[in-house]
Structure formats: structure tokens, C-alpha cells
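J.: When you line the sequence shown up against the UniProt record's numbering, it's residues 1 to 343, in that order.
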Amino acid sequence: MWRLHLHQHPQIPLNDTKGTYRTAEQIHQQATQDVYQYCRKHGLVQVWAYLWNRWYTPKQWILWARASCDAIPRTKTTMMVESTWAQMKRRDLHQFNRPRLDLLTHVVLVNLLPRVRQKMEYIQKKRRKGRPHPLAKWQETLKRDWQEMSKPDEWRLMLKELVCRKKGVSGQLKPQEKEERLTNIEAEKVRPKGSYHTNIDNMTCSCPSFTLSRWLLCKHLVRQVNEKTGNAPLNNLPFFCALRRNHYPPFYIIPGVHMATPAEAGACPIDFEGPGDIQETRTQERQVSPVTSQFDHGNKSEPEDSEDRGFERSSPFCSEDEGENSERVSSDLISLISLICQN
Ligand SMILES: [Zn+2]
């Protein structure tokens, strides 16, 4: 229940018959009510007091709930910044306990900054020119997940069953646990398929998997994209090189679905880094997504290119990995380093 409250968002349809969109206030109200009813039903007075004061009160809600922000960030926590500091502590400062600030500044300038520059050049394809650019770690994971979601349900269940039986034979699973898993798989085979509101234009779906997904993807969307593009994502490696997640719908700009394919456009392979493409995708995004307009309050006077409102390019520091154990360096830290260098 808590995970669902964390991931719900006004731009993600609910899993009901109409696929309704709730406002941020409605999501907060409903989440609080769910928790209250649960605690009341089980007589958890102290738990409710804790949850309200530390999590669900409006003051705390905006700190952790996805619904409190009109955009959907790519990351869920501050793990990128923490990862950078953890790397510095273990790699550069492992001999120092509570180092002085001047030492820390020295380490940032001498040790961290060259690594950041090297990574930036690598991501911007300034190094190893003429050689194919490999996928970043998070892109490899995304590709693997995409391929997994592309498989038919029968195929996935069969693989799951085979793995379960193999683990049972090798002793990795206890007999009781194995039986439970096999029972669940059998129940899954006969379970009627759900009916969800899948919108390929906005790249949204009302199924629970989409809401909880790290990539904001689900098998329904993946299969529809595969069908519409003739399985292009499965046969085209540059597809994942160019794929970026947006903060506003459509959450992905996919050639052949939201824009012309390179062949149709009569151009070179689409480069998402080009400013023209970005402008084009921004324009398309506003055309495709009327929902976005209701979240643009307070920013209507800003020029469109003044800020990455819709299609935000991936930060050069996030291409290594956007998931756990990521080595992304925060933009605040880089700004700090730049200021120090200028001074
Ligand atoms: Zn779905």
C-alpha cells in the first residue's frame, strides 16, 4: 500500500474501469484515508500516529510522494548524490576520519573533477571517436527489461516454471517453497487477463506494473510499441542508445510512434541530442498531451526553451547508471566545483 502511495501521480491513470486521473490533492486524501482505515481496522493507534506525523501529514507528504510534484523524476531518492559521496569516502578519503574542509576541496578538485571530466567526454562521444558507443549500464538494464516484457505471457511463465523446478532439483529451494511457487504459477496461468487503459500516445498505462515500474514501462506498452514499430526496438541497438525518459507525457519519444522514423524522414539516424530534435519533440509533446497544460501553472510566461519542462535531455552525469549504486554526480556538486575553479 505504501509503495502505491509513493508512486501514484496525477498523470498516471487509476486502475479502475474509466482510467480516471486524480489530482495531487485527491491522491493525498485517498492515500491518507487508506492508511487511516487500515490502522483503524487493525487497532494500530500508535502506528497511525507515527504514520500521520512522520509521513502523511502535508508537511511530510511533499518530501516523498511522487504526486507532490507535477513532473515525474527519473530517480526516486537522493541516491545519486549519496553514491558520489560514498565513492569519495571509500576511494579518496578512506584514510581520513572527518577530514578538514580544505582537504575535501583539494580531493574534489584533484581526484573527483578529472574523473567527472573524463566521464563527460566519454558520454559526449569525444573520446574513442569512430568507435561504436556502448550502452550505459542503465541502458543495458532497460534493454533487458524491454526484451523480457516483449515475451508472451506463456513463454515467461514457462521460463519461470523451469527455473523453479531447476532450483528445486538443485536444492536451492525447499520443497514447500517450490510447491508454493509452482501453485502460484499455475494460478497465474488460468487467471483472466486484466483490462487496462493503455495510452501509447502518452506512454501511460493504468496497470499496477506501470505505476511501480522503475522505467515507467509495462508489458502492455512495450508490446504495443513493438507491434506498431515492427519490433524495431528488438532489432535495433541504437534505439536504446537514443531512448530517454521525459518528465512529462509522453514519457518516451519513440521513432515510428511519436515521430517519423529515420527512413521515413529521409535523414540520418535520429540524434536525440540535437537541438532541433529537442524542439520538435517538445512541440509534439505539447500537441500530444493536453494533460500537461494543467500542470504548467505559474510557468506560462516563461519561454519554452528557458527550462527543460517537457523533454529533458539526460544529464551527462546520469548515463552511467540511473539506478541503484549509480555514480551520477549531482549538478549542484558540479556547479560548486565550477565556482571553485573560477575562483
Ligand atoms: Zn500496463
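For each residue, glycine too, the CB sits at the ideal point set by N, CA and C.
Can you tell me whether GLN176 is buried or exposed? The criterion is at least 16 other CB atoms within 10 Å of its CB, across all chains shown.
T.: exposed
J.: Does DSSP put PRO233 in a helix, in a strand, or in coil?
T.: helix
J.: If you run the structure through DSSP and keep just helix, strand and coil, what is TYR248?
T.: Coil at TYR248, not helix or strand.
J.: Please return the same chain residues whose Cβ sits closer than 6 Å to the Cβ of PHE295, not counting the five positions on each side in sequence.
T.: Residue placement at PHE295 cannot be trusted, given a pLDDT of 36 that sits under 50; what the coordinates show is reported in the next sentence. Within the same chain, PHE295 has close Cβ partners ASP70.
J.: If you run the structure through DSSP and keep just helix, strand and coil, what is PRO10?
T.: coil
J.: Please identify the residue among ARG22, GLY194, PRO250 and ALA242 whose C-alpha is closest to the C-alpha of ILE200.
T.: PRO250
J.: Do the region 215-224 and the region 149-164 meet, that is, are 3 or more Cβ pairs less than 8 Å apart?
T.: yes
J.: Look at the alpha carbon of ILE254 and the alpha carbon of ASN246, and state the distance between them as a whole number of angstroms.
T.: 11 Å
J.: Kindly identify the DSSP beta-bridge partner or partners of THR23.
T.: Beta-bridge pairing links THR23 to no other residue.
J.: Measuring straight from C-alpha to C-alpha, what distance separates GLY274 and LYS189?
T.: Confidence is the limiting factor: at GLY274 the pLDDT is only 36, short of 50, which leaves the residue's position unreliable and the question unanswerable from this model.
J.: DSSP three-state call for CYS39: helix, strand or coil?
T.: helix
J.: How many Å lie between ARG131 and TYR122 at the Cα?
T.: 11 Å
J.: Does DSSP put ASN15 in a helix, a strand or coil?
T.: coil
J.: Just reading off the alpha helix (DSSP H) that ALA86 is part of, what are its end residues?
T.: 79-91
J.: Report back the beta-carbon spacing between LEU6 and ARG100 to the nearest angstrom; my notes put them in contact at under 8 Å.
T.: Not quite, the Cβ-Cβ distance comes to about 39 Å (not below 8 Å), so this is no contact.
J.: If I measure Cβ to Cβ from ARG3 and keep anything under 8 Å in the same chain, skipping five residues before and after, which residues do I get?
T.: LEU212
J.: Between which two residues does the alpha helix (DSSP H) carrying GLY168 extend?
T.: 153-170
J.: Among residues of its own chain, excluding the 5 on either side of PRO208, which ones have a beta-carbon nearer than 7 Å to its beta-carbon?
T.: Once the five neighbours on either side are set aside, the close Cβ partners of PRO208 are ASN15.
J.: Under the criterion of a Cβ to heavy atom distance below 7 Å, does PHE251 qualify as lining ligand 1?
T.: no
J.: Output the boundary residues of the alpha helix (DSSP H) element that contains SER206.
T.: Where SER206 is concerned, there is no enclosing alpha helix (DSSP H), given that its DSSP letter is neither H nor E.
J.: Taking just the CA atoms, how far does TYR50 sit from PRO10?
T.: Answer to the nearest angstrom: the Cα atoms are 26 Å apart.
J.: Output needed for ALA24: all residues of its chain with C-beta closer than 7 Å, excluding positions within five of it in sequence on either side, in chain order.
T.: So the qualifying residues of the chain are PRO10, ALA67 and SER68.
J.: So if DSSP puts ASN199 in a beta bridge, which residue, or which two residues, is it bridged to?
T.: THR204
J.: Give me, in chain order, the residues of the same chain whose beta-carbon lies closer than 8 Å to that of LEU135; leave out the 5 immediate sequence neighbours on both sides.
T.: LYS143, LEU237, PHE240 and CYS241
J.: Got a sec? Which residues, its chain only, sit under 6 Å from LEU109 by beta carbon, not counting five neighbours each side?
T.: none
J.: Can you tell me whether MET259 is helix, strand or coil according to DSSP?
T.: strand
J.: Would you report the Cα separation of THR105 and LEU63, rounded to the nearest angstrom?
T.: 30 Å
J.: Tell me whether THR75 sits in a helix, a strand or coil according to DSSP, three-state version.
T.: coil
J.: Answer yes or no: the CB of LEU221 versus the heavy atoms of ligand 1, is any distance below 7 Å?
T.: yes
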